[in-house]
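The structure appears right after this line, and notes come after that.
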Amino acid sequence: MNATLETPAEAVDRARAAAARVTDPEMPMLTLVDLGVLRDVTIEDGHVVTTITPTYSGCPAMATMRDDLQRELADAGFPDAEVRVSLSPAWSSDWITEEGRAALSGAGISPPGQAPARQGPVALTLMPTRRAIVCTLCGSDNVTLSSEFGPTACKAMYQCRDCLEPFEHVKEI
1 MNATLETPAE AVDRARAAAA RVTDPEMPML TLVDLGVLRD VTIEDGHVVT
51 TITPTYSGCP AMATMRDDLQ RELADAGFPD AEVRVSLSPA WSSDWITEEG
101 RAALSGAGIS PPGQAPARQG PVALTLMPTR RAIVCTLCGS DNVTLSSEFG
151 PTACKAMYQC RDCLEPFEHV KEI
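Here is the structure:
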């Protein structure tokens with residue numbers, strides 16, 4: 001369809017479909033929609049504006065997400081699209097869709113549980129975070145934390161005590 005003949009609502013739908021094809025560079029089984037990072041797609045002053053929220057402050061993948069989103073929108077016929085980054089409200093792992101959680105599990109990565117409810121300052125603790133998770137390979141809950149720091153800031157490393165396989169877990173935030 002010729003972009004000049006489409007309504008603003010049709011343009012938003014087309015831009016949203018393009019944005020939904022962009023994947024997380026650190027977890028490519030997830031789209032920005034699955035991850036809950038894509039917050040909004042609108043038309044402002046005749047051009048597309050998308051809003052994304054980082055999963056973590058200083059997330060190194062944000063620049064790539066923004067660039068990939070800009071490129072996908074340009075390829076879809078929106079060369080002047082703008083990508084905005086919104087820090088408020090802060091992203092929560094609760095924003096990961098059910099499809100995203102299933103994709104993580106299918107890739108052998110333990111999806112996050114419910115994010116902790118917080119009010120006020122975050123308490124500092126030096127003890128490992130307790131999580132109710134199961135091995136992504138055998139389903140056992142007999143797992144141990146190997147490292148709170150996984151291959152990316154948003155993941156921790158666990159090992160199953162039954163099948164001995166290591167696996168990643170997306171942290172709850």
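Mapping to UniProt numbering: the sequence shown position 128 is 128, numbers consecutive.
All residues carry an ideal CB built from backbone N, CA and C; glycine is no exception.
Straight-line Cα distance separating residue j from residue i
i           : j           : result
residue 77  : residue 14  : 9 Å
residue 153 : residue 5   : 45 Å
residue 28  : residue 39  : 19 Å
residue 99  : residue 35  : 9 Å
residue 58  : residue 102 : 26 Å
residue 10  : residue 104 : 31 Å
When the options are compared against residue i, the one with the closest alpha-carbon
i           : options        : result
residue 91  : 30, 48, 54, 49 : 54
residue 19  : 170, 7, 49, 9  : 49
residue 131 : 69, 113, 72    : 113
residue 162 : 107, 95, 144   : 144
residue 129 : 171, 89, 119   : 171
residue 41  : 60, 70, 156    : 70
Residues of its chain near residue i, where Cβ-Cβ distance is below 8 Å and the 5 sequence neighbours each way are ignored
i          : result
residue 65 : 22, 24, 25, 32, 37, 52
Spatial neighbours of residue i in its chain, beta-carbon cut-off 6 Å, leaving aside the 5 residues before and after
i          : result
residue 81 : 48, 73
Residue i and residue j closer than 8 Å at C-beta
i           : j           : result
residue 62  : residue 83  : no
residue 110 : residue 158 : yes
residue 135 : residue 167 : yes
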